[in-house]
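K.L.:
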Amino acid sequence: MMETNATRAQVELRDVVSRCIERSYDSIRSLTATLPSVASVTDRRTQTLAQLVDARMVFEKLLAATRWSVQTPIAEQCTEVHRHMKHFQGQLDETTDRLHYMHAALNEAKVPHYDLHAAIDVLYGGSYSRLPRVIHNATMLPPRRGPRPTSDDDDNNHARNLCRVQEINDTIRFRLIEEDIPDLFTDIRVADGCATTFVAGQFHVVFTVNGREPDSLWRVVSARTILSDDIRRPTAFKVSTANLRVIAANAPTPEHNDHLKHLVQKVVTASASPFVGACAVLQDFCSRLALQILLAQGHGLVIARWPAVDFRPVADSSSNAALDIVYWNHLAPSGGKLAVPPSSSSSSSPFDAACTHDATAATLPVSTDGLCIRLHAHNNNNNAALFSISLLPSPPPELARLYPSLLEPLVDLPTDLMQVSAETLLMAAMAVHAASVLFCLERTLVLGATAPLLHLMTGEAVTVARSPRSFRISRVDSTGQSPLEVSLDVRTGRFVVLCLVAARSRLVHGATSQLETVLNTQCKVHAAIPVSSSTSSTSRLTLVWEDEPAVHSALAFALREIVAFELSCFAASCAHVEVQRHVQINWDKYINFRQQTGNSIDALSLSPHALFFQIVRNKESSGYLVVEFDRLADLDTADVVASATEHEYVRSPSFSLLQLQTSSIPCAVQFFQRFPAFRKDAIPPSTARSYVSKKRKHTTDDDVTLPFLSALFLHVISLCHERIQLQHYVNFARRRRVKIKYAGQGGTALAGVTTGEQIVSFPFPERFTVAPLAIKAVHGHLRKCGGFEMCVQLTAVPFDFVAPTTSNTSSTTHHSATAAGHLIFRYPPVQKFQPDNPLETFMADLITHVKPMAEFGVKLQRTLSAVGRYTSSAADIRDHFYVERADPFGFVLACRTSNPKRCVAAGSSVDNLVTYRVTIEYNPKSKFVLSSSHKAEHPLLNFIQTAFNLHADSAQLLEALERTTIPLGILSSTVSSQLISAKCYRHHANAALEKPQHPTSGPGGGKKGGKGGKGMRLGYKVKLPGEEKGYYAEKSYGGDDKSFVPAELLLIPRSQNHIRLTYADRC
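Take the position in the sequence shown, starting the count at 1, then add 12; the result is the number in our numbering.
#1: When the Cα atoms are used, what is the spatial distance from R95 to R26?
#2: Taking DSSP as the reference, what is the three-state secondary structure of I305?
#3: What number of angstroms, rounded off, separates the C-alpha of W230 from the C-alpha of V251?
#4: Tell me the residue span of the beta strand (DSSP E) that contains S499.
#5: Is it true that the region 800-809 meets the region 880-892, where meeting means three or more beta-carbon pairs spaced less than 8 Å apart?
#6: CA-CA distance, A887 and H834?
#7: According to the Cβ coordinates, are F776 and V790 closer than 8 Å?
#8: To the nearest angstrom, report how far apart S490 and F720 are at their CA atoms.
#9: For R708, which residues in the same chain have their Cβ closer than 6 Å to its Cβ, ignoring the five residues on either side in sequence?
#10: Ignoring anything shorter than 3 residues, give me the beta strand (DSSP E) runs that lie fully in the region 602-674, in order along the chain.
#11: Have a look at R185, F215, F960 and A207 and flag the residue whose alpha-carbon is nearest the alpha-carbon of P226.
#12: For the region 183-270, which segments carrying the alpha helix (DSSP H) assignment without a break, of at least 4 residues, lie completely within its bounds, in sequence order?
#13: Which residue's Cα is closest to the Cα of I736: P688, F683, R779 and R593?
#14: Inspect the beta-carbon positions of E179 and L313 and report whether they are closer than 8 Å.
#15: Can you name, in chain order, every residue of its own chain whose Cβ lies under 6 Å from the Cβ of K939, other than the five neighbours on each side?
#16: Assuming S668 and V638 form a contact by the criterion Cβ under 8 Å, report the distance between their Cβ atoms to the nearest whole angstrom.
#17: Please classify Y382 as buried or exposed, where buried requires at least 16 neighbouring CB atoms within 10 angstroms.
#18: Is it a yes or a no for the region 553-563 touching the region 472-483, going by three-plus beta-carbon pairs under 8 Å?
#19: With DSSP collapsed to three states, give me the class of M439.
#20: What first and last residue would you give for the alpha helix (DSSP H) that runs through C32?
#21: If you follow the alpha helix (DSSP H) that W80 is in, where does it begin and where does it stop?
#22: As a quick exercise: from S486, H521, V338 and Q968, pick the residue whose alpha carbon is nearest that of M442.
#23: Does DSSP put L404 in a helix, a strand or coil?
#24: In the DSSP output, which residue or residues are listed as bridge partners for V935?
#25: Taking only the alpha-carbon atoms, compute the straight-line gap between H733 and A680 and give it to the nearest angstrom.
#26: Excluding sequence positions up to five away, which residues of its chain have a Cβ less than 6 Å from the Cβ of S30?
#27: Within this structure, are the beta carbons of A396 and V211 separated by less than 8 Å?
#28: Looking at C-alpha atoms only, which residue of Y37, P345 and E632 is the closest neighbour of P850?
#29: Do the CB positions of L404 and S448 come within less than 8 Å of each other?
#30: Per DSSP, what are the beta-bridge partners of L835 in this structure?
#31: Tell me the rounded alpha-carbon separation between Q596 and R506.
#32: Run the CB neighbour count on L858, radius 10 Å, all protein chains shown included, and call it buried at 16 or more, exposed below.
#33: Thinking just about the alpha-carbon of each residue, which of I752, T209, P85 and L64 is nearest to the one in L43?
#34: Compare the Cα-Cα distances from A232 to each of F71, V498, P286 and P266 and report the closest residue.
#35: With DSSP collapsed to three states, give me the class of N395.
#36: May I ask you to report which of helix, strand or coil DSSP gives D891?
And the structure:
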């Protein structure tokens, strides 16, 4: 009850807060409604105060409950502990009750149980058949030998007896030569007047003759099976305990052996071939005994492990004993019976020869409510097997050639009664029937079993890997790493469909579950006689379907989902690609547009299972690559005529380019185009380095070849990018009223190397003025990897471009200028929103960014050319700025000056020089932007930038930079050098001559400097940057370590010509 109340008391915190707020709000509303009717001011105040006190108490309770709820895990743990204690208390009470009842029944349990069956056997039978075998064998002692005869008469009698025995042995040998001996009697021993023979694992029989006459009758001395007590069974240790119990329970008794002896004697007396008749009787007895043992074992198996299996003894008027093991009743047709015709004795396949050994099986009734294996007794003298078997229905003959080892358990039938096992035979028969069902299922689902290329009934090309227990099927365009495995569970007789990716994909799991359900509900087993067989009427196992098209559709759907998942995983790893499974589409406007233009609208539909890959994302629209695995792409008529076969094309899956307007839901279609079937030789092979992954910003260096579908996917994406870029170029040319044309192939990714990309060319619009740039034409590269790339061809450069000596000429992500004077605009693909037409962005960058930079470049060249410093190779220029880079996308001014003290703050180099670089860029919002390589050493750069944006004079800019950069650098480096020298002082070389001290003793140990030092020596194992051998920093002027403290002195600009040096805490 406590646990139930605790469970009911759990309430969400937001519900409690909402109720408290609603209650307080209702109280305030009621108070507001009742206060105007109260005349006294005191009463109004009293009611208001009471309302406030009540609300305060409610919210204080809410606060307390909220704070207590933090301890909810502790309360839950206490509840769980209480539940366990209650459970343990219940178990303790139950144990106490059981002990009490056990004590009450103890007296009754102590009463001895008498062996009434053994007592009845001893009293009425005169024997003790249940005597333990160990005691029985111990009492069977050899007879004692009497004393040797003493008289001559006894010696004569003994000699005469030996002579008579020898005569009988000779007679038996002579008679054996004349008799027909069965092939099973391979060892006949004659001794003591008897002929002893046996069949290993079955029976043991002893013969003799009634006299020495040639026509005397044979007499059977004894006939026993191997299961008799006095017969040793050396193979008993190989049998399970359960089978030993069953065999012991069905072993013949001495009375049975005597009856068997009289029966054999009767046959021997009446037969012209006594030994053949005796062998037939004994073999028939052992065969029926084996069937009886198998039936008893089967009853135990049904109770223990095989409840769905039925063991049925079968017999007819001719006493032909047989045993049917029936299983998988649900595979029978809806009528509940298999159409099994009577079998014939002739066999036409290895399976028939192995699984049908006796013609007597044809006369027995057949179990038709499931698949079965028939075990029938026989009296074939030439066969040592205890019984023969037949499978109903018979497996296909092709199965023997595929799996020869599958027949071994059915061919090697047991010949020893101790080795009879019902479960072994059942498992072997089930394995053969399961392989037969899977073989027929594969032949039903897949066409062209002997052809080099397999196809489904729905047309998809597949590959199949077979085994006796299952077959794995996968589409040709898949990776093959996650095939669809179809198997048959031999215990239940139901199909099992597995796939590795089903655990990762809900759609694949649903498709495989649907296929498994369809197979188990639609597939039934049918036994039919092959029409082409004229000599045999053996029933063959075939499959019948209640709705065969549903099975083919389910298989094709499952394979499509597997390939779709693999393609989705690959696309998800690609950069700038977003995978979507369902997109809401509105075709109405696009259909109306197509009808108005007179175009066909028949193919304007998409499969409900299509995959959508978003490759372009704008603010108003998005571009999708649509992949349909259940549709075949159309063939180009011209290519089909020229090609020799249709297998040279890839028709599945079908690819389409879809452009949607994303401002409304469902999204309206703006453009739709289906790609025709692709020739296999036209698809370039792709490796892992041919695409950019989301986890890697650059392509990988792995040369592993991608699967065919992934390569095809990348190829189609490149075509989509080209089509989308071409559409943007055409729209831009139509809007700006310029003519566009193809200009061939080329590329600018690498210098002097063409990438095979298509190029479109159009003149620059005349109404836009970009002076001093004189643009001849604009070449647009249709990039296969997405993004945009335009090459602006200039008639003449406005100023000389200066390329940096360490520039990356193969950069594909930034704007750049070529040595020929062309401007390259690159816009890499991004996943964020892009403008509807990136060419408008190109126009804006050209007018608002490149044009002002070109105007400044003209001025800068005029200024620096006059003094000979407009060049990047200025090795001899010192203390003045020169051009290190100059193009419309940026300028870099460099100044090299000496650093005699090699101050660390200044950044000294190997040649004792320091280089100050000032980068000039343009931003339409803040105009020209100046940035320095030594930002902390030039606090006046912002003032210079503001003044330069006002007058835009390159000469004044250079003068301001040269007058401030070097002095401020010297000042900053001097201050920083003093700070570093104060904290990192190193002693003179004479200090090294002092006696070294132990690292762990003396005042010089640890982090402090040596004896006589003024500064603290840091634990550096190497010299500071800029130091060389014999160099030591200067001593601080104050002589104290605390005279300068690092990171506490700052240079603060006060105006264009005023800088303040102060402590940071006094700013």
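C-beta atoms are modelled at their ideal positions from N, C-alpha and C, and glycine is treated no differently. A quick note: this is a predicted structure, and the numbers were derived from the prediction, not measured.
P.N.:
Reading off the structure:
#1: Taking the straight line from one Cα to the other gives about 28 Å.
#2: DSSP, reduced to helix, strand and coil, places I305 within a helical segment of the structure shown.
#3: Near 37 Å, if we compare the C-alpha coordinates of V251 and W230.
#4: Looking at the DSSP string, the run of the beta strand (DSSP E) that includes S499 is L496 to D501.
#5: Too few Cβ pairs lie closer than 8 Å, so no.
#6: Cα-Cα distance, rounded: 28 Å.
#7: Taking 8 Å as the Cβ cut-off, F776 and V790 qualify as a contacting pair.
#8: One Cα belongs to S490, the other to F720, and the distance between them is close to 8 Å.
#9: Residue confidence for R708 is low, a pLDDT of 48 falling below 50, so the modelled location carries little weight and cannot support an answer.
#10: Within the region 602-674, the beta strand (DSSP E) runs of at least 3 residues that lie entirely inside it are, in chain order, 623-629, 633-640 and 666-673.
#11: Nearest C-alpha to P226: R185.
#12: Counting only runs of 4 or more residues that sit fully inside the region 183-270, the alpha helix (DSSP H) segments are 253-261, in chain order.
#13: Checked all of P688, F683, R779 and R593; the closest Cα to I736 is F683.
#14: At least 8 Å separates the beta-carbon of E179 from that of L313.
#15: For K939, where only same-chain residues beyond five positions count, the Cβ hits under 6 Å are N961.
#16: Contact flag correct, Cβ pair sits at about 4 Å.
#17: Note that residue 382 is Gly in the sequence shown, not Tyr. With 16 or more other Cβ atoms within 10 Å, it is buried.
#18: Counting Cβ pairs under 8 Å, fewer than three are found: no touch.
#19: If DSSP states are grouped into helix, strand and coil, M439 belongs with the helices.
#20: Per DSSP, the continuous alpha helix (DSSP H) segment holding C32 begins and ends at L25 to T46.
#21: Per DSSP, W80 belongs to the alpha helix (DSSP H) from V53 to S81.
#22: Of the listed residues, the one whose Cα sits closest to M442 is V338.
#23: Here DSSP, grouped into helix, strand and coil, assigns L404 to strand.
#24: A small fix is needed here, since residue 935 is Asn in this sequence, not Val. Beta-bridge partners assigned by DSSP to N935: K939.
#25: For H733 and A680, the gap between their C-alpha atoms comes out near 21 Å.
#26: Within the same chain, no Cβ atom closer than 6 Å to the Cβ of S30 is found once the five residues on either side in sequence are excluded.
#27: Yes. Within cutoff.
#28: Here the closest residue by C-alpha is E632.
#29: Contact: no.
#30: V804 and A829.
#31: Cα to Cα, Q596 sits roughly 40 Å from R506.
#32: A buried status is given to L858, since no fewer than 16 other beta-carbon atoms sit within 10 Å of its beta-carbon.
#33: It is L64.
#34: For the sequence presented, residue 232 should be read as Val rather than Ala. With distances taken between Cα atoms, V232 lies closest to P286.
#35: Here N395 sits in coil by DSSP.
#36: When secondary structure is reduced to three states using DSSP, D891 falls in the coil class, being assigned neither helix nor strand.
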